[in-house]
Amino acid sequence: MEQILQDKWEVEAPLPPERELAEQLGVSRSTLREALRQLERMGLVASRQGSGTRVRDWRICATIDIFPTWLRLQAGSPEFLPALESSLRVRVAPILEAVRWLARPDRQINFAELQYGIDRVWDHRDDPVAFIEHDFDWIQRMTLESGYLPALWVMNAFVRNYIRLVRDVGIAAPPPRDYQDAWRTILRHCRNGEPDEAVNIACSYFERHDQGLLAFLARTPLVG
Numbered sequence: 007m008e009q010i011l012q013d014k015w016e017v018e019a020p021l022p023p024e025r026e027l028a029e030q031l032g033v034s035r036s037t038l039r040e041a042l043r044q045l046e047r048m049g050l051v052a053s054r055q056g057s058g059t060r061v062r063d064w065r066i067c068a069t070i071d072i073f074p075t076w077l078r079l080q081a082g083s084p085e086f087l088p089a090l091e092s093s094l095r096v097r098v099a100p101i102l103e104a105v106r107w108l109a110r111p112d113r114q115i116n117f118a119e120l121q122y123g124i125d126r127v128w129d130h131r132d133d134p135v136a137f138i139e140h141d142f143d144w145i146q147r148m149t150l151e152s153g154y155l156p157a158l159w160v161m162n163a164f165v166r167n168y169i170r171l172v173r174d175v176g177i178a179a180p181p182p183r184d185y186q187d188a189w190r191t192i193l194r195h196c197r198n199g200e201p202d203e204a205v206n207i208a209c210s211y212f213e214r215h216d217q218g219l220l221a222f223l224a225r226t227p228l229v230g
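Basically my numbering = 1-based index in the sequence shown + 6.
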């Protein structure tokens, strides 16, 4: 995967025959087949009957599953922080829409349970990685409660890969100090049927959070 993402293979370049490629990589043919199936699911290669396996244009065809590896490869380069910032912006959009749905009057929302979940996330504030994991778990529950399932499906892909990235690259910054206050205020506006106010506060919160993370990473060595 890394060789493809680093453009060491030209687009539409054929991979060597299975036996030859397995020998080059020092793996069994069954292991190689499974790896190629995974690469195909990620959109990095395409197998065609009679013409073997060819490299695809990952910039166009790849899925979100390449995200941790792609961003890890940027670590230490000038492109890393802009790449991370753009990725963070992508993850905010479905959350904001879920917040808007949470304020719909036709939804029966258990706001007390959501509030309890915020407090439980905050209990992990001294462990940045655990905090991120529990925060994403809460956001998934909040999104499910909102009924906006497409946002949940997008978040599932992002969460799974972002957690991998946190562990691989070490991008876990200290939790934002206004976490509880921000989400309590967002939930209050949702409970009162005020979607615009809730979304505006959520936008401001994520802007502060993401800028704080980027500032933290600008002065912190990365694991990867």
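Using N, Cα and C, we set each Cβ at its ideal position, and we do this for glycine too.
Discussion item. Quick check for students: name the residue ranges of the beta strand (DSSP E) that lie wholly in the region 43–115, counting only runs of 3 or more.
Written reply: Unbroken beta strand (DSSP E) stretches of 3 residues or longer found wholly inside the region 43–115: 51–54, 58–61, given in chain order.
Discussion item. Between the alpha carbons of aspartate 63 and leucine 50, how many angstroms are there, rounded?
Written reply: Straight-line Cα distance between these residues: approximately 7 Å.
Practice prompt. Check whether the Cβ atoms of glycine 153 and tryptophan 107 lie closer than 7 Å to each other.
Written response: yes
Discussion item. So, at 7 Å on beta carbons, what are the nonlocal neighbours of cysteine 209 in its own chain, with the 5 sequence-adjacent residues on each side left out?
Written reply: Leu102
Worksheet entry | Chain-order list of residues whose beta-carbon lies under 7 Å from that of tryptophan 144 (same chain, five-residue window excluded) | Gly123, Ile124, Val127
Worksheet item: According to the neighbour-count rule (16 or more other Cβ atoms, all chains shown, within 10 Å of its Cβ), is arginine 97 buried or exposed?
Response: buried
Worksheet item: Leaving out five residues before and five after alanine 188 in sequence, what residues of the same chain have Cβ atoms less than 7 Å from its Cβ?
Response: Ile207, Tyr211
Discussion item. Quick check: the Cα distance between glutamate 213 and glutamate 91, rounded to an integer number of angstroms?
Written reply: 10 Å
Worksheet item: Going along the chain, which residues of its own chain have a beta-carbon closer than 7 Å to the beta-carbon of alanine 68, five neighbours each way excluded?
Response: Closer than 7 Å at the Cβ level, and outside the excluded window around alanine 68, lie Met48, Gly49, Leu50.
Fill in: Proximity below 7 Å, CB of isoleucine 115 to CB of glutamate 151
Yes; because the gap between Cβ atoms is below 7 Å, this pair is in contact.
Fill in: Alpha carbon of glutamate 119 to alpha carbon of alanine 163, nearest angstrom
Near 25 Å, if we compare the C-alpha coordinates of alanine 163 and glutamate 119.
Item to complete: Let me know if asparagine 198 comes out buried or exposed under the rule of 16 or more other beta-carbons within 10 Å of its beta-carbon.
Response: exposed
Worksheet entry | Chain-order list of residues whose beta-carbon lies under 8 Å from that of histidine 195 (same chain, five-residue window excluded) | The answer, listed in chain order, is Ala109, Pro201, Glu203, Ala204, Ile207.
Worksheet item: When you compare each of Gln186, Met148, Val135, Ala41 to arginine 173 by their alpha carbons, which one comes out closest?
Response: Checked all of Gln186, Met148, Val135, Ala41; the closest Cα to arginine 173 is Val135.
Discussion item. With a threshold of 7 Å on Cβ separation, who are the neighbours of tryptophan 15 within its own chain once the five nearest residues in sequence on each side are excluded?
Written reply: Gln9, Val61
Practice prompt. State buried or exposed for alanine 1, treating a residue as buried only when at least 16 other CB atoms are found within 10 Å of its CB.
Written response: Nothing about residue 1 can be read from this structure; the chain reaches only from 7 to 230.
Practice prompt. Please report the Cβ distance between glutamate 26 and arginine 35, rounded to the nearest whole angstrom; I am assuming they are in contact, meaning their Cβ atoms lie under 8 Å.
Written response: Incorrect: roughly 11 Å between the Cβ atoms, too far for contact.
Worksheet item: With DSSP run on the structure shown, which of helix, strand or coil describes proline 23?
Response: coil
Worksheet item: Buried or exposed: which applies to phenylalanine 117, given that a residue is buried once 16 or more other Cβ atoms fall within 10 Å of its Cβ?
Response: The residue is exposed, with fewer than 16 neighbouring Cβ atoms inside 10 Å.
Fill in: Coil, strand or helix - methionine 148 by DSSP
helix
Discussion item. For proline 84 and glutamine 186, I'd like the C-alpha separation in whole angstroms.
Written reply: 33 Å
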